[in-house]
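Sequence order for the protein chains is A and B.
Numbered according to my numbering, the first sequence spans residues 1 to 160.
Numbered according to my numbering, the second sequence spans residues 161 to 896.
In this text, a Cβ means the ideal position worked out from N, Cα and C, and glycines have one as well.
Data block below; observations after.
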Amino acid sequence: MPYRLNINGAVRQVDVPAEMPLLWVLRSELGLVGTKYGCGKGFCGSCTVHVNGAAQRSCQLPVGKVGDAQIHTIEHIGSTALGARLQQAWLTIDVMQCGYCQAGQIMSACALLAHTSRPSDDQLNSAMAGNICRCGCYNRIRSAIRIAAGLEQAEAGRVA
Amino acid sequence: MSHELPVAGLERRAVLKASLLAGGGLALEALIPLRVLAGDATEEMSTAPVQLSAFVAIAADGTVTIVSKNPEIGQGVKTSLPMMVADELDCDWSQVRIAQADVDQHRYGEQSAGGSTATPKNWLPMRQTGAAARAMLVQAAALKWNVKADELTTARGRIVHGATGRSLGYGEVAAAAAALTPPDLNAVPLKRPEQFTVIGRPVVGIDSARIVKGEPIFGIDTRLPGMLYAVYEVAPAHGGRLVRADTDAAKRAFGVRHVLPITGNGDADNGLADGVAIVASNWWLAEQARAKLAVEWDLSAAKGHSSSVYRANADAAIAAGRGTDLRLDGDPTAQLAAAAKRIAARYDYPFIAHAAMEPQNCTARYRDGRLEIWAPSQTPQRGLEVLHKALGIAPESVTLHLTRAGGGFGRRLMNDYMVQVAAIAKAVPGVPIQLMWSREDDIRRDYYRPGGWHSFEAGIGANGQLIAFSDHFVTFGDGKTPARAAGFNPAMPPAGLIPHLRYSQSMMPTVVTTGALRAPGSNALCFASQSFLDEVAQAAGTGLPQLMLTLLGERREIAARDNGVPFDTGRAHDVIAKVIETSSWSQQPAGPGRAKGFAFYFSHRGYFAEVVEASIAGADVTAHKVWVVGDVGSQIINPMGAENQVRGAVIDGLAQALTGQAIEFVDGVVQQSNFNDFPLARIPMTPEIEIAWVRSDKPPTGLGEPALPPVIPALTNAIFAATGRRIRSLPIRLSA
């Protein structure tokens, strides 16, 4: 089936079965490999993208259901003010170890701060609970989100 | 032009080669005999080459390029090893570019990630190479200015002649330096620790800026023109063999290009397992077509390989006696019989999977008799050996590129995915193939941390001292040799610290593939032994920290046995004393159901003492805070990465204990499949983690592993202190 998708502000055309999850349209058809496969079942959050601004697991979203929704991926997020602030916070305290899940973490964090600009600890935990980091960078993920939200001071090279 | 200067005084000689960089500049390559580390010849690293190399280039514009030769799996070596070179070179970190090396044993020597060995092995050679390059640049500047080299100083990539105020950048003399004879590598002066400008500073990972933008740097991000995607269906049970496959329906599935039944080399453990490859234009299409395969498997080898059977076998082995002695000190039998107080307990832990976030994958293209591979492997050179053995592809006809790996944890010490993709690529010459496993494949075909059972006994004297100790360990193996990563550590405390001790072992066979998982051996042995020693302390009327300090006794080095590592009781003492202080151990938290627990362990050359404060409400256990004190030598190379490794290890251990991780088998079929039934830690369970270092005067050692083992018994000991319930089996499953 041919589809016209709004991805990162551009129209992209693909011809794939309607049931194909958006994740595999991004990765295998469009070469947007920043969005990661982790479980294929919506358990881990590695494949998180924004669909009309809301965080969604792209492995659970059939391309046939995307319609004219605005899709944004990690490749695009730095061009938004909030996305850039999160990326910078991630780097300031060097959140990551292997880094594989971090695109999904940043996408979830971005959706959180977009509607809850100063999240409480509980709000942060609950918004980020769907994103697994196997390396266990959770203390720094918390800190980076709080830094981007202005709840913590960012110090370059701080060891959190 | 090239100069070689063999360095005398070593059994094998170090060689420094200087050459002119294209575009004018200095390229310096050091080939250095590898100092074999005590305890290094483990099963993880048994075929390690005997030399390592360092490579640094200074271009005419002053840019410094340092080759990172080891796999980067999230442990941070791609940043920390070049930091060692850059510091002694005395350049600014912002001038440094890192180039990831391809796999080339001839050129780079050992290229592997495992065993927390990169730091101790590279600490001197990397610094010496940087210092040698600096010395050559200084000498070139001295010749240019016609002054003595010792009148010159360096800082941030510039050379200064203080007397005349002249200065120049490294790039300006790099080409001239390339014409000089390299210095004696063992004679180049190295900085004193207080002179370090890069080492010891928090440095952001070299790939981090690309990672936050989602740039393609992982194995599964490899994209080649015309590339197709593959899945590899293997037998549902471990040890299964392919009988016949009906591939017609799968071949007709949308997007599918090839369906290839592949008969392996009969070695599913370290070769090519039988399977059916499906190759399609899109990975998801290949994955969907699996349902259309009709495959007949011979699963007879797996019959009876069930968790319940393994458990019954272990019970029988423990009931039958004590197995084969691994270590016998003094007369534990008599001393246990004579002890004023005698306690016994059994402990066990399950098989667990690695579950790195990036599933196993590898990309390959076979063309004109040559194989080109892009692999996220921890031991790529061993991958070449397996390719040779299983497929007859000679190492010299393989080009092997290393990609960043989305986590390793020991899983990628094995190269099964590499040999599978090579077999597929060979069947469709000219077409690049990316093999990726589904998460279900990854959970069901791991090299699991093997389960184990321990039957402990301890004898306590009238004065409350531990006088005799025994552990009968039941594990997996062929009766002579334990399965991979299923061995015991005869140096496990309290061995060497008390006069009467027996460690013995029984084995049962398994068809399940086992392997090293972060802090292999230690991650399980520490839970069992430090929990039981907490029982001993309890019975002796003391606490575990006090018992351990008493057992350690005076400061001394206990010699290594059986290719192990010497144990320094003073370093152990110091981390324990410090965590007693940082955790305010003497102040137990107020309130019912909440307490602190302690544990100590020495693994992978690192000394770690940890305290967990936990609370228990019904069946729910919460770890609130973890205090970690570690001694990994005199210098933390990159505090940014080091503390992240410690936090990750702590959370890893808590996940093993608290989330319900267990891999179970029924007739060789793994019962778990994904993160719903093999859970990982999530952010809400993350405790506060406070880290402190003891800076002993020993050379720095690695941090990928040693912080993990103590956190599990520190947690289970906290649960006992809070509730009186002793956790003797992992994962922790409390009834409300």
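Scanning the segment 745-826 of chain B from its first residue to its last, the whole alpha helix (DSSP H) runs of 4-plus residues come out as 799-818.
One alpha carbon belongs to T423 of chain B, the other to G399 of chain B, and they sit about 13 Å apart. Contiguous alpha helix (DSSP H) elements confined to the segment 528-574 of chain B occur at 540-551, taking only those with 4 or more residues.
The DSSP assignment places 48-51 and 54-57 as complete runs of the beta strand (DSSP E) inside the segment 24-71 of chain A, in order along the chain (cut-off: 3 residues). The DSSP-derived three-state label of H321 of chain B is strand. For M596 of chain B, the enclosing beta strand (DSSP E) has its first and last residue at I593 to M596. Residues Y526 and R527 of the same chain have their beta carbon placed closer than 7 Å to that of P589 of chain B, with the five preceding and five following residues left out of the count. For A628 of chain B, the enclosing beta strand (DSSP E) has its first and last residue at L626 to F636. Contact between A867 of chain B and F760 of chain B is ruled out by a C-beta separation of about 12 Å, above the 8 Å threshold. Of all alpha-carbon atoms in B:V227, B:A220 and B:T223, the one lying nearest the alpha-carbon of E189 of chain B is that of B:V227. Legend: CB atoms of the segment 551-567 of chain B lying less than 8 Å from CB atoms of chain A belong to residues R564, A565, G566 and G567. Along the segment 842-866 of chain B, going in chain order, the ones with a CB nearer than 8 Å to a CB of chain A are R842, I843, P844, T846, E848 and I849.
By the Cβ-count criterion, N131 of chain A is buried, with 16 or more other Cβ atoms from all chains shown falling within 10 Å of its own Cβ. DSSP places F511 of chain B within a strand segment (E or B) once states are collapsed to three. DSSP places K586 of chain B in the helix class (H, G or I) of the three-state scheme. When secondary structure is reduced to three states using DSSP, I503 of chain B falls in the strand class.
Using a Cβ-Cβ cut-off of 8 Å, T73 of chain A is close to G374 of chain B, given in chain order. Residue contact check for F880 of chain B against chain A: no CB pair falls below 8 Å. With fewer than 16 other Cβ atoms from the protein chains shown falling within 10 Å of its own Cβ, P726 of chain B counts as exposed. CA-to-CA, the gap between R855 of chain B and E770 of chain B works out to about 16 Å. For the segment 412-462 of chain B, the full-length alpha helix (DSSP H) segments reaching 4 residues or more read 443-449 along the chain. Taking T35 of chain A as the centre and dropping the five residues before and after it, the same chain places the C-beta of L23, L26, R27, C47, V49, S58, T73, I74 and A103 closer than 7 Å to its C-beta, in chain order. Under DSSP, F727 of chain B shares a beta bridge with B:I718.
Closest by C-alpha distance to G183 of chain B, out of B:A334, B:W745, B:N306 and B:H266, is B:A334. Listed along chain B, the residues sitting closer than 8 Å to C39 of chain A by beta-carbon distance are R599, N834 and F835. The count of Cβ pairs closer than 8 Å, one atom from the segment 665-673 of chain B and one from the segment 470-485 of chain B, reaches three, so the stretches are in contact. Around M20 of chain A, the beta-carbon contacts reaching into chain B at under 8 Å are N442, W444 and L445. Note on geometry: alpha-carbon atoms of N521 of chain B and G566 of chain B lie some 10 Å from one another. Nearest neighbour of G483 of chain B by Cα position, chosen from B:N442, B:H632, B:I887 and B:T563, turns out to be B:H632.
Out of B:D264, B:P859 and B:N836, the CA that lies nearest to the CA of G42 of chain A is found in B:N836. Here S691 of chain B is not near L496 of chain B, since their CB atoms are 8 Å or more apart.
Within the segment 97-131 of chain A, the complete alpha helix (DSSP H) segments of 4 residues or longer fall at 102-115 and 121-128, listed in chain order. As computed with DSSP, S664 of chain B is found in a beta bridge with B:D485 and B:H632. Taken in chain order, the members of the segment 786-819 of chain B whose beta-carbon sits within less than 9 Å of a beta-carbon on chain A are P799, M800, G801, A802, E803, N804, Q805, R807, G808, A809, V810, I811, D812, L814 and A815.
Residue pairing by DSSP puts A217 of chain B in a beta bridge opposite B:A187 and B:T225. Nearest to E332 of chain B by C-alpha distance, out of B:V419, B:G222 and B:N282, is B:G222.
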